[in-house]
Amino acid sequence: AGFALLTLPLHLTLPAASARPLPAAVAAEPATTLSPADTRFAGLLYALIVTFAGILNAGMSAHMIGILAGLGLPAAIAVWIGATRGIGQSLARLGEVLFGAKTSPFDLNLVACLVLPLCFVLGLAGGASALAALAFAFCYGAGNGVLTITRGTLPLMLFDPKSYGAYVGRLLAPGFVLSAASPLGYALLIERHGASAALVLSGTLALAMLASAILLRRRFRKLPRS
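The sequence shown begins at 1 in our numbering and counts up one residue at a time.
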């Protein structure tokens, strides 16, 4: 509630004028010319990446510290290392803002999806090495930070701007449900099979994301324009 009150001055300073309609020349900007089959395929790959990223983010947000402690790290060190996830995420977003303007969203998405499986491999070694655990948490945060950006930029490259909002909304809906269930699923998995099993599952999802990102880039990076 306090944060909401702090934003009140911002709302009061918003201009009252309504948005002006775009000129016809701008509104008629050409869209990508994907066939219905290609649109469905691109939508499937995009949905897989975003859905699995949401599952991982929800699971790691709730259980990263517990996973690190379950691997054998002292609780205090696990808490400290878990905090570097947010640092990695913020620095990655800052780096994208400063240096990512000329980089294709397909390339950024691929790099982020490449980082994630490597993170979970490092995580499996986190119980024996605090440095490996630190690299896991920081790099996972960085990869996830970039994915939160490409989640919004990829649809603009793939789908018709006139209808992509509603279409992407349908693609994202299952991910919201699964993300909400993810912390509970991770908790049950950790309770029954241990922290390592959670990292193995996470790595498997990350590999599926990487495969989808490779296919998405290879098939749709150079889209024809009408």
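Every residue gets a Cβ at the ideal spot worked out from N, C-alpha and C, and that includes glycine. For clarity, every value in this text was computed on a predicted model and none was experimentally measured.
I'd like the list of long-range same chain contacts for residue 86, defined as Cβ closer than 7 angstroms, with 5 residues on each side in sequence excluded.
Answer for residue 86: 141, listed in chain order.
Give a yes or no on contact between the segment 73-92 and the segment 174-188, applying the rule of three or more CB pairs nearer than 8 angstroms.
No, the segment 73-92 is not in contact with the segment 174-188.
Return the residue from the list 42, 57, 64, 96 that minimises the CA-CA distance to residue 195.
Ranking the options by Cα distance to residue 195, first place goes to 64.
Local conformation of residue 221 per DSSP, three classes:
Taken through DSSP and simplified to helix, strand or coil, residue 221 comes out as coil.
Starting from residue 61, follow the alpha helix (DSSP H) in both directions and report where the run begins and ends.
DSSP places residue 61 inside the alpha helix (DSSP H), whose first and last residues are 36-70.
Mapping the DSSP letters down to three states, classify residue 243 as helix, strand or coil.
This structure leaves residue 243 out entirely; the chain is present only between 1 and 226.
Using a Cβ distance threshold of 8 angstroms, determine whether the segment 156-163 contacts the segment 112-131, with at least three qualifying pairs required.
Counting Cβ pairs under 8 angstroms, fewer than three are found: no touch.
Residue closest to residue 68, alpha-carbon to alpha-carbon, out of 218, 188, 55, 131:
Taking only the C-alpha atoms, the option nearest residue 68 is 131.
Pull up the distance between the alpha-carbon of residue 168 and that of residue 82, whole angstroms please.
Residue 168 and residue 82 have their alpha carbons spaced roughly 32 angstroms apart.
Taking the alpha-carbon of residue 59 as reference, which of 217, 93, 188 has the nearest alpha-carbon?
Per the Cα distances, 188.
Measure the Cβ-Cβ separation of residue 62 and residue 183 and say whether it is below 9 angstroms.
Going by beta carbons, residue 62 and residue 183 fall inside the 9 angstroms limit.
Expressed to the nearest angstrom, what Euclidean distance is found between the alpha-carbon atoms of residue 71 and residue 39?
Pairing residue 71 with residue 39, the inter-Cα distance amounts to about 43 angstroms.
Along the chain, where does the alpha helix (DSSP H) containing residue 110 start, and where does it finish?
Annotation: the continuous alpha helix (DSSP H) that includes residue 110 extends over 105-124.
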